[in-house]
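Written out below as structure tokens is the structure these notes cover.
2 protein chains.
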Amino acid sequence: MARRSDHTRDELKEVILNASWKIIEKHGFSGLTARRIANDIGYAPGTIYNIFSSMDDLYLAVNSMTLDKLYDTLSSTECQAPKKTPIQNIKKMAQLYRAFTKKHRSHWLMLFTYILPKGKKPPSWYQEKITRLFEPLENLLKPFYSEKQSRKRKMAARVLWASVHGICFLEETGKIPLISNQENPPDMTGYLIDNFVSGIQN
Amino acid sequence: MARRSDHTRDELKEVILNASWKIIEKHGFSGLTARRIANDIGYAPGTIYNIFSSMDDLYLAVNSMTLDKLYDTLSSTECQAPKKTPIQNIKKMAQLYRAFTKKHRSHWLMLFTYILPKGKKPPSWYQEKITRLFEPLENLLKPFYSEKQSRKRKMAARVLWASVHGICFLEETGKIPLISNQENPPDMTGYLIDNFVSGIQN
DNA sequence: CTATAAATTGAACAATGTTCAGAATTGTGA
DNA sequence: TCACAATTCTGAACATTGTTCAATTTATAG
Chain U
110 MARRSDHTRD ELKEVILNAS WKIIEKHGFS GLTARRIAND IGYAPGTIYN
160 IFSSMDDLYL AVNSMTLDKL YDTLSSTECQ APKKTPIQNI KKMAQLYRAF
210 TKKHRSHWLM LFTYILPKGK KPPSWYQEKI TRLFEPLENL LKPFYSEKQS
260 RKRKMAARVL WASVHGICFL EETGKIPLIS NQENPPDMTG YLIDNFVSGI
310 QN
Chain P
110 MARRSDHTRD ELKEVILNAS WKIIEKHGFS GLTARRIAND IGYAPGTIYN
160 IFSSMDDLYL AVNSMTLDKL YDTLSSTECQ APKKTPIQNI KKMAQLYRAF
210 TKKHRSHWLM LFTYILPKGK KPPSWYQEKI TRLFEPLENL LKPFYSEKQS
260 RKRKMAARVL WASVHGICFL EETGKIPLIS NQENPPDMTG YLIDNFVSGI
310 QN
């Protein structure tokens with residue numbers, strides 16, 4: 110029996126989340142079970158329910174971790190080089206996003222394949238983490254819009270990000286039939302960005 | 110006990126799929142269980158396994174239905190009006206896609222949230238149905254590319270479709286934080302199409 | 001009518017999320 | 001130090017899931 114002084118409540122929460130992260134890494138989202146977590150951390154299954162109200166609650170917490178990591182990636186200085194053109198930086202950001210989908214494939218997939226029970230809405234802090242995700246791209250789009258067009262600029266960021274994501278997601282789940290080996294998804298996102306930004310500039 | 114002369118094998122397959130379709134409509138993908146299907150069609154659960162090798166197999170068949178319906182939608186004459194501009198037709202097609210995601214929300218979501226067990230690839234006829242899905246859009250893009258650029262045109266179709274899909278999917282799953290009530294997803298797809306096509310034309 | 005083939009059944013199994021009474025552990029007040 | 005209270009943890013139990021398969025029922029061929 111685990112002793113209750115082993116971890117504080119907060120520590121235990123972290124231990125559970127870290128174990129979950131690794132399980133997803135190895136066995137995918139569907140391999141994440143309460144019993145497996147409990148086994149890995151040396152606690153009984155019931156203990157998890159002292160920390161999380163349900164597995165859905167835990168899924169949300171894991172997704173929150175993924176969102177944080179994704180934010181770190183997108184706000185990297187790599188795609189904010191002042192010496193490069195905005196387009197180059199946007200493309201770099203798309204590359205970073207793509208790399209993220211590869212490195213944390215299962216976590217990234219979970220972010221989009223786990224859908225809350227119908228009618229349920231995520232908590233507001235979760236929505237805020239998503240909103241925050243768009244900011245780096247909003248900044249990169251500043252050269253193309255005046256101050257007064259900030260709303261339009263935000264929309265452009267959403268459109269562009271959703272589009273890049275759409276390409277990555279369909280490709281990663283095998284739903285974009287490749288025409289040949291010549292066109293790979295990086296080319297596709299590049300093609301998208303070139304044309305979209307070119308359209309903006311007109 | 111259901112009598113074996115009630116339905117032929119093929120009929121039974123259809124009966125199962127139709128029941129599944131309705132269940133998903135009412136209770137979502139997660140509400141689709143072998144026992145519920147069996148109950149609805151008046152057979153025992155085991156019977157389903159005479160027709161489908163597993164529930165995964167059945168999911169694939171349901172998704173195949175959805176793909177067929179989606180193809181019918183996208184190849185509608187509504188978005189192939191000769192009197193309208195290509196852009197207008199493309200926008201119409203995007204609208205039709207969007208309408209489909211609303212009308213058959215659960216089935217459409219299932220198409221993307223059910224991911225085959227890692228390593229497993231869908232059968233080739235399934236891939237072909239996906240490939241076929243791009244053809245209507247490929248045709249609408251013909252005015253923008255020469256005969257020799259057909260490969261580029263196909264890539265454009267994939268990019269554009271994936272992008273529109275990305276917008277719809279993120280919006281439908283609550284992952285595009287709206288800036289205000291003024292920008293709704295139809296506007297966003299319109300914005301995307303305008304700019305992308307404008308970029309192509311340069 | 002009988003024997004064979006085929007289709008259907010439903011009990012059984014392992015695994016899942018979840019609950020909660022009771023056991024184990026720790027903190028507290030004398 | 002000791003007794004009692006509060007907290008934490010356990011793990012058996014329950015309902016449900018996909019899945020299997022021997023037994024049963026039904027249809028057909030000879």
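Protein chains in written order, with our numbering: chain U, 110 to 311; chain P, 110 to 311. Glycine included, each C-beta is placed from N, C-alpha and C at the ideal position.
Inset, instruction - Find out if the Cβ-Cβ distance for the pair P/ALA111, P/ALA153 is shorter than 9 Å. - result: Yes. Within cutoff.
Legend entry - Where the alpha helix (DSSP H) containing P/CYS188 begins and where it ends: Run containing P/CYS188: none; DSSP gives neither H nor E here.
Legend entry - Near-chain P residues of the segment 167 to 197 of chain U (beta-carbon distance less than 9 Å), N- to C-terminal order: Hits within the stretch: zero.
Inset, instruction - Ignoring anything shorter than 4 residues or poking outside the segment 212 to 259 of chain P, list the alpha helix (DSSP H) runs there in chain order. - result: Counting whole runs of 4 or more residues, the segment 212 to 259 of chain P contains the alpha helix (DSSP H) stretches 214 to 222, 233 to 242, 244 to 249.
Legend entry - Euclidean distance between Cα positions of U/TYR300 and U/ARG260: 25 Å
Legend entry - Nearest residue (CA-CA) to U/ILE132, options U/GLU120, U/SER215, U/ASP165, U/ILE160: U/SER215
Legend entry - chain P contact residues for U/PRO231, given Cβ-Cβ distances below 8 Å: GLY283
Inset, instruction - Compute the beta-carbon to beta-carbon distance between U/ARG276 and P/SER272, rounded to the nearest angstrom, for a pair I have assumed lies under 8 Å. - result: Reading off the sequence, residue 276 of chain U comes out as Ile, not Arg. U/ILE276 to P/SER272, Cβ: 7 Å. Contact.
Inset, instruction - Using only the heavy atoms of the ligand ADP, determine whether one of them is closer than 8 Å to the beta carbon of P/GLY308. - result: Absence of the ligand ADP from the depicted structure is noted, as is the absence of any ligand whatsoever, leaving it without description.
Legend entry - Enclosing alpha helix (DSSP H) for U/GLY155 [first to last residue]: 154 to 160
Legend entry - Under 7 Å by beta carbon: chain U residues contacting P/ASN293: Result: empty, since nearest Cβ-Cβ is about 10 Å, beyond 7 Å.
Legend entry - Contacts of P/PHE209 in chain U (Cβ-Cβ under 7 Å): Neighbours of P/PHE209 on chain U: none; closest Cβ ~15 Å, over 7 Å.
Legend entry - Enclosing alpha helix (DSSP H) for U/ALA170 [first to last residue]: 164 to 183
Inset, instruction - Closer than 6 Å by C-beta to P/MET219: which residues in its own chain qualify, once you throw out the five before and the five after it? Chain order, please. - result: PHE138
Legend entry - Members of the segment 250 to 265 of chain P that neighbour chain U once the beta carbon cut-off is set at 8 Å: ARG260, LYS263, MET264, ALA265
Inset, instruction - Consider the Cβ of P/HIS274: report whether some Cβ of chain U lies at a distance smaller than 9 Å. - result: yes
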